[in-house]
Structure formats: structure tokens, C-alpha cells
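Numbers -18 to -1, 1 to 346, taken from mature numbering (1 follows the signal peptide of the UniProt record, and there is no 0), label the letters of the sequence shown in order.
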Amino acid sequence: NICIYLLAMISSLSMVSAFAVFFLSCSSNVQAFGPVMRPAAIGGTRYVNNDARPMSSSVLLRMAEGGPPQYERRAASAISNEEVGQGTYLIRVAADDEKPVEYEPGHVLALEILNPEKGEDDEEEWLRGPYTVTRSDDSSFDVMYRVVGKKSQTFSAAVVKSTDSINNNARFQFGGKFKVPILEGIHHPEQLERIVLISTGVGVGPQMGFIEQALCDDAFAHIQIDLYAGFRNAKDVCCSDTLNDLATAHPDRFSWEAIVSDDVGRTSDPYALSKIANHAKKDSDSVNDKTATATHYHLIGNGSMVNEFKAGLKEAKIPDDRVTIEMYFNHKEIPRPDTVKSITDAVLKGGDSGHTSSDTKTEK
């Protein structure tokens, strides 16, 4: 009897698994992205020129067991691909359909492009990666990416091929809407006096888009926005012209500085901390109470920077809802205690009340 019972159970489980695989193979959703620029060797139900292609059984099983998030793909075209810093590009992508493109700076989407090194029948023909939206309108969006290795070089080559050929318009696909956009994550702006944006590398892209957005929003009209964008060297600095134009147009509301580590150290080193902590606002009675601070911090980029600032701000008793983050890599990087302490001390000490102007200088 026990054997018969076990056989019946196994049979039932097999039927459930088979149904799950069949259902998923018919779904119009696809498996979401993995690491940045991971080849889409295990992509979902693929839609290329409306021709569906099946997923592998291993992927179906993983999804049936509760795998990564899913998204529906939309065909798209590359409009432009501008180099905005050494090895860093800002690509504009437009949807091929008539549906609105509803993204805001800080949203994360999946962007796919046909791999020029593979054929359409190749298992790895689509390159897929998660990208943070820099800016968007009703029909297109911008994302920033950096060419740093083989995968991103392949992606860049595919982008150039697509933008040079009008016949490749359908070779882009995008979908999904993940994360909370930067502006939406800033609660009760009426309580704020300052927003501090700290980034590394291409993290400056979404923050630039947010700045453009906030400067046109009456709810943020009274808030000073300061951007501290970290780069390794001066040639890596991105979007200087755009950021300088914004600072010139809004001198009383926006300032920015490129923190070049080869010249002045990282964003967590003394030079940058003296700027970041400048006229930081906190409750004057006690840093231990739960009164909302008048400064909101948004951190985006390398996990090392994000984790250290997050820990330092927490030690400084900055409320959790006054710190928003987006991490690109090194997610599990352990904060260095001495750096965390430096950040905490700088925030608690604050700075003078002088106003910092737009500055892209990198000298010590």
C-alpha cells in the first residue's frame, strides 16, 4: 500500500511539473536579466520579429520553482549613441510600437540587442542586461553604459551596427520596470532643504535625469540639490556640459562637482566629505531623536561606496527614509570601519553654512 501511495504521489507531481512547463512555454513573459551584459543564453520565450522561440527545459523548471522576475518584451530602435566620457556612452532607444514609454530616472529595465557575433539561430544571439534609466519621454528612453570588458565591447559593437543601419530597427528589445525611481523615493520634499546625490561611474546618468526632473517640479523648488559624481580620472568624467548648463541655469538650486579619485581621492575621502557634509542639516537638539533630517541622500554606483555611505549615515542617525540607494556591483562588499567612521563624523560635524557653487575642478 505504501508503494502504491508513493507511486501515485510521484505521478501527481510529474503532472504538475509538466503543466507548469507547458504553461510557462506559452507565456508572453520572459525571464529577467542576470548580471550586466550576461549573454542571453538562457533567455525566455523569445520574440524576434514576432517569431516565438522556446526556452530550454532547465530554465522552465527554474522559473516554475520561483526564478527571477519576468518581463514582456517590446521591439525598439536605437536613435543615438553618444560618447559622453572616455568609454562611456548614452544611448537613446525608441519603442517601435505606439504604446507609451513610461519610465522615470532611476527605473531599471531590461535591454536586449542582437549579438553581431552570433547568428539568429544561435542559442546566444541576444545580449541582455539591466540598465538604469537616465531620462525618458513618451516614446523613448536614455540609458548610460560603460565599455569595460568583452561583453560590453560586444554590446557596444552591436549598438553601433544597429544605429548605422535602418534595417536593424527591430534588433533591440526592452521590457520590465523595476526599482523605485529616484524622485518617487524622496518622501515629503516639503520637509527638505537639501538633496545630496553621490555616484560612481555611470551612476551619474540617472542622477542627472533626476536633477532635470526635480528642477522642473514645484515641489522641489525650495530645495538645494548637490551632486558629487565620483570618477577614477579626469577623462572618465561624464556629461560635464549638460551638468554645467543646469548649474548655470539654476545657480541657487543646483551645484555639482566631479570627484576625481586620481586627484582628490574618492567620495569617502576627506576632500569630498568636506563638501558633502557642507551645511548638512540635522535636528539641532539631538542627533539621537527621530526627527526627520532636512537632507535626503541618494547613493548610486559601486557597492563599496554605497555600503560605506549607507553604514556611515546610519551611524549618524540619518533616518532610513532619508537614504535611497541603487547598487551596480560589489553588492556584498563589507564596509571599512574607518571609512564608515569618517563619513559619520563628517555628517555629525556638518560644515560651515556657506553655499557651494558648481565646480568641476579636480586639484587638491
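Just so it is clear, CB atoms sit at the ideal spot from N, CA and C, and this is done for glycine as well.
None of the values given here were measured: they were computed from a predicted structure.
Residue state for E80 is assigned as coil, using DSSP reduced to three classes. G283 is bridged by DSSP to M309.
The three-state secondary structure of V66, taken from DSSP, is strand. By the Cβ rule, the region 298 to 307 does not count as touching the region 195 to 208, because fewer than three pairs are nearer than 8 angstroms. Counted as a single uninterrupted DSSP element, the alpha helix (DSSP H) harbouring E194 occupies residues V186 to A196. Three or more Cβ pairs drawn from the region 306 to 326 and the region 273 to 293 lie within less than 8 angstroms of each other, which places the two stretches in contact. Straight-line spacing of the CA atoms in K257 and N226 works out to 18 angstroms. Taking a cut-off of 8 angstroms on C-beta distances, the region 53 to 64 touches the region 72 to 92, as three or more cross pairs fall below it. For L255, the enclosing alpha helix (DSSP H) begins and ends at P252 to I258. In the three-state scheme derived from DSSP, where H, G and I count as helix and E and B as strand, G332 is classed as coil. Judged by DSSP in its simplified three-state form, P317 adopts coil rather than helix or strand. When C-alpha distances from T321 are compared across G283, T249, T277 and N260, the shortest belongs to T249.
Beyond the five residues adjoining it in sequence on each side, R74 comes within less than 6 angstroms, by CB distance, of I61, S62, S122 and D124 in the same chain, given in chain order.
Relative to the Cα of I316, the nearest Cα in the group A328, R110 and G285 belongs to G285. In the three-state scheme derived from DSSP, where H, G and I count as helix and E and B as strand, A240 is classed as strand. Beta-bridge partners assigned by DSSP to D208: V178 and S237. Counting only the Cα atoms, Y210 lies some 6 angstroms from L179.
For M126, the CB contacts under 6 angstroms within the same chain, skipping 5 residues up- and downstream, are L72, T116, V184 and G187 in chain order.
Residue environment: T182 is assigned as buried (16 or more neighbouring CB atoms within 10 Å of its CB, all protein chains considered). 7 angstroms or more divides the Cβ of L330 from the Cβ of A293. By the Cβ-count criterion, D244 is exposed, with fewer than 16 other Cβ atoms from all chains shown falling within 10 Å of its own Cβ. By the Cβ neighbour-count rule, N215 is exposed, with fewer than 16 other Cβ atoms within 10 Å of its own. Taking a 10 Å sphere around the C-beta of E166, we find fewer than 16 other C-beta atoms and assign the residue as exposed.
D124: member of the beta strand (DSSP E) spanning S122 to R128, first to last residue.
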